[in-house]
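Mapped onto the numbering used here, the consecutive letters of the sequence shown carry residue numbers 3 to 293.
Inspection log for the structure reproduced underneath, given as structure tokens.
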Amino acid sequence: MVSSVAPIKAKKLRYYADANFKRRVLPPPTLADGQYADAPPARADDWSGLAIPAVPAPLVAETPEHAKRLDELAAKKGVSKSSIGAAALASWLSPDAADQREAAIAKRLDRLSRQAERMERDQNIQIETLALFIRYFLTVSTPVPEAHQDAARAQGKARFEQPGTHGRRAGARVMSAVPSFTAVSLDRRILMLRTAMGPLIAAALEDPDVVEIMLNPDRTLWIDRLSSGRAPMGVELSEADGERIIRLVAAHVGAEVHRGQPLLTAELPETGERFEGILPPAAPGPAVATK
């Protein structure tokens, strides 16, 4: 016995120190037909010697969405799902798959660049042609004397307003041919729309000198006149009022406007006025332009 060592441990130490320890180790029992030699005979319903059946796991864990898309693609192409998976795997494992995608994208970008260059060239040709025509016109035209410049400006303004005048006259002739109840209904719709926009905007739209009315995102109301130009009206509308105007006009013309689709561009069918509205988050606040 080794001093200061427990008897059982001392015995183990003697076994491990023995050089012939391996010879005294019993050999493992031999197997016969998948069983130990001393095992009882197998029964007819004994499954212990058979391997446990295992279901092979799929290579790719399919989500319901991916499985649905794979079924649709297989039905559309008329091929099996396994062939689609094999093609996708081959494309993924291909060493030059990334290079092929990059080459295809570069080819498309080159085509777009060539188209943009042609458009830019055509635009430059148009600008140069217009500049040459204006230069030629100014060269061959005699300058207007100072005494006749005011009359020339008035004539130019009249020519500028002539299409609008003809359009209003044509509209008046059409309205005169429409039955009276339709005209009354139209006037009622115009009045309702003006009332929905508020008294300030309604009064400004009735003025023939007004070209445009604007509500900025900072809630200030501006007006553009032919005689005096653009100037603030000194009035602020709340954010709720601006949003209400945009939504009422959208409902009037049958359009949809909300924070997911914040832009509204419409032509009022009764008056022919152009209306543009912007809601947040496209702008810090509701913005309106009527002209």
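We treat Cβ as the ideally placed atom computed from N, Cα and C, and that holds for glycine.
Here the structure is a predicted model, which means the values were calculated and not measured.
Local Cβ density within 10 Å of residue i, reported as buried at 16 or more and exposed below that
i	result
residue 277	buried
residue 266	buried
residue 126	exposed
residue 65	exposed
residue 288	buried
residue 142	exposed
residue 281	buried
residue 247	buried
residue 121	exposed
N- and C-terminal bounds of the alpha helix (DSSP H) containing residue i
i	result
residue 306	An answer regarding residue 306 cannot be provided, because it is not within the stretch 3 to 293 covered by the chain.
residue 1	The structure shown does not extend to residue 1, since the chain is modelled only from 3 through 293, so no value can be given for it.
residue 88	83–95
Closest Cα partner of residue i within the set the options
i	options	result
residue 261	249, 107, 96	249
residue 216	160, 279, 209	279
residue 213	225, 221, 204	225
residue 207	69, 109, 293, 77	293
residue 2	91, 290, 114	What is shown of the chain runs 3 to 293, which leaves residue 2 out entirely.
residue 204	275, 107, 111	275
residue 294	232, 253, 283, 171	Missing from the structure shown is residue 294; the chain here goes from 3 to 293 and no further.
residue 219	201, 88, 243	243
residue 199	144, 270, 138	270
DSSP state of residue i mapped onto helix, strand, coil
i	result
residue 243	helix
residue 236	strand
residue 144	coil
residue 257	coil
residue 183	Unreliable positioning characterises residue 183 in this predicted model, as indicated by a pLDDT of 42, which lies under 50. The coordinate reading is nonetheless provided below. The answer is helix: DSSP assigns residue 183 an H, G or I state.
residue 119	helix
residue 101	helix
residue 274	coil
residue 262	coil
residue 34	Per-residue confidence for residue 34 stands at a pLDDT of 49, beneath the threshold of 50, marking its modelled position as unreliable; no derived number is given.
Sequence-distant residues of the same chain with beta carbon closer than 7 Å to residue i, five excluded per side
i	result
residue 154	146
residue 228	211, 213
residue 239	217, 221, 223
residue 268	251, 255, 257, 277
residue 112	none
residue 245	281, 288
The beta strand (DSSP E) enclosing residue i, as first and last residue numbers
i	result
residue 284	Premise fails: residue 284 is in no beta strand (DSSP E) and is neither H nor E.
residue 149	Residue 149 -> no beta strand (DSSP E), and no H or E assigned at all.
residue 265	265–269
residue 211	Where residue 211 is concerned, there is no enclosing beta strand (DSSP E), given that its DSSP letter is neither H nor E.
residue 223	222–227
Same chain, Cβ closer than 6 Å to residue i, neighbours up to 5 away in sequence not counted
i	result
residue 83	72, 76
residue 164	none
Chain-order list of residues whose beta-carbon lies under 8 Å from that of residue i (same chain, five-residue window excluded)
i	result
residue 86	72, 75, 76, 79
residue 259	248, 249, 252, 265, 266, 279, 281
residue 169	274
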